[in-house]
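Note sheet for the following structure.
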Amino acid sequence: MTMETPAPETLHRQLEVMRPLLVRFAQLQLRNQALAEDAVQDALIAVLEKPERFAGQSSLRTYVTGILKFKIIDCLRASGRERQIDTADDQSEDDAIDALFLADGHTREQPLAWGRPDHTLEQKDFFRVLEICLEKLPAKTARIFMMREWLELETEEICKELAITSSNAWVLLYRARMRLRECLDLNWFGNRQGA
Amino acid sequence: MEHKTGLKPTCREVHRLVSEGLDRELSLVERARMRLHLMVCDACTRFNGQMDLLRKAMRGFPLDLEAPPAPPHDSGDPHRH
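Residue numbers (the numbering used here), protein chains in the order written: chain X, 1 to 195; chain Z, 1001 to 1081.
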C-alpha cells in the first residue's frame, strides 16, 4: 500500500506553507533567528531531495519534524556553551508553584474545567493563544518543553543534549506545563466560562 | 525523583506525578498512589485532563498557523496597556 510520491511543485507548496511556523518553533529552541532559519532550510531541502522517503510511510508533518529534530540538535551541539541551563530563577519558579497549593498539599483553587478537548483542538484561535503562551515561557523552559512535546524527544536524549540530570528535566517540564496551564486559563479558557 | 510520601498522597504530589508520568515510566507504587487519589479528587482529575489536552495540542499543532501579530514595542504581553 504505497502512496504516490507527490509532484515536486505540490510538495514545494506544502513545505512553503509550513515554513513560517517551523522557523518560529525552531527559534523558540535556538533563540537565534538566523540559526532557526538555517535549520529549517536544511530540513526542507533534505525533504525535497528525498521525497520518496516519506511517501506512504509517514505523514509529511512527521517526516519534516523528524528531520528538523536532528538539525536542531546539531545546532545546539555546535553552540555548546549556550547549553548550560540557567538556574538563576529557580527559586521564584518554585515559589510560584508553591503558591498554588495549601500547606497541607491540597490545591488552593479548583482548576478550571477546560471543556471538550476535541472541540478545543478544532479551533485555530486556541493554537494562536497557545503559541503566545509558549513565547512567554522563560527561554530555557521553552526550549526543553518544545524538545519534549513538539519534537517528541525522549527525556534521556534531552538530558544528554542539554547536559542536565533527568530530575532537573522533569522539574523544568513540570514548571513549563504549570505555566502553560495558567496562561491558557487566563487567555483562553477563563474568558469562555459561562459563554 | 524521590517524592516525600505520606500515607495518602497530596494534590501537590499527584500534580507532579501526573506531569512526570508524561516523561518517564512511573513505579508501580507511584501509579497506584496516583490512581487512588484521582478516583476521589476532582482538582487533580481536571489537571490530568488538562495535561492530556496540552500534549495532544502540541503533537497536533497545525503547521500552517500564521504568525501571531507582532506587538508594537513590548515583549508580547497581550494585556499590556
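For every residue, glycine included, the Cβ atom is placed at its ideal position computed from N, Cα and C.
When secondary structure is reduced to three states using DSSP, residue 25(X) falls in the helix class.
The criterion of a C-beta distance shorter than 8 Å is satisfied by residue 114(X) and residue 1053(Z). In this structure, residue 1065(Z) and residue 135(X) do not form a Cβ contact; the two beta carbons are roughly 13 Å apart against a cut-off of 8 Å. In the three-state reduction of the DSSP assignment, residue 107(X) falls in the strand class, which pools E and B. Considering only 116(X), 48(X), 96(X), the residue with the shortest C-alpha distance to residue 108(X) is 96(X). When DSSP states are grouped into helix, strand and coil, residue 70(X) belongs to the helix group.
Distance from residue 170(X) to residue 1020(Z) at the Cβ level is roughly 5 Å; contact confirmed, criterion being Cβ atoms closer than 8 Å. For residue 112(X), the closest C-alpha among the options 25(X), 185(X), 76(X), 26(X) is that of 185(X). Residue pairing for residue 101(X): DSSP places it in a beta bridge opposite 107(X).
Residue 22(X) sits close to residue 68(X), with the two beta carbons spaced by under 8 Å. Between residue 121(X) and residue 1060(Z) a beta carbon distance of about 6 Å is seen, short of the 8 Å cut, so the two are scored as contacting. Contact residues of the segment 1008 to 1040 of chain Z toward chain X are 1010, 1011, 1012, 1013, 1016, 1019, 1020, 1023, 1024 (C-beta to C-beta distance below 7 Å). At a cut-off of 8 Å between beta carbons, residue 106(X) contacts chain Z.
Taken through DSSP and simplified to helix, strand or coil, residue 95(X) comes out as helix. Cβ-Cβ distances below 6 Å link residue 30(X) to 36, 75 in the same chain, with the five nearest sequence neighbours on each side left out; the list follows chain order.
If you draw a straight line from the Cα of residue 1048(Z) to the Cα of residue 1026(Z), it is about 15 Å long.
Between residue 105(X) and the set 1068(Z), 1037(Z), 1055(Z), 1024(Z), the nearest pair of CA atoms involves 1037(Z).
By the neighbour-count criterion, in which a residue is buried when 16 or more other Cβ atoms sit within 10 angstroms of its Cβ, residue 49(X) is exposed.
The Cβ atoms of residue 177(X) and residue 1051(Z) sit closer than 8 Å to each other. Residue 110(X) has a beta carbon lying within less than 8 Å of a beta carbon in chain Z. Residue 117(X) and residue 1056(Z) do touch by the CB rule: their CB atoms are close to 7 Å apart, below 8 Å. Taking 8 Å as the upper bound for CB-CB distance, residue 123(X) and residue 1043(Z) are not in contact here, some 25 Å apart. Contact of residue 63(X) with chain Z by beta-carbon distance below 9 Å is absent, the smallest such distance being about 12 Å.
At a cut-off of 8 Å between C-beta atoms, residue 147(X) does not count as an interface residue with respect to chain Z. Nearest to residue 53(X) by C-alpha distance, out of 41(X), 161(X), 66(X), is 66(X). Residue 1023(Z) is classed as buried because its beta carbon has at least 16 other beta carbons within 10 Å across all chains shown.
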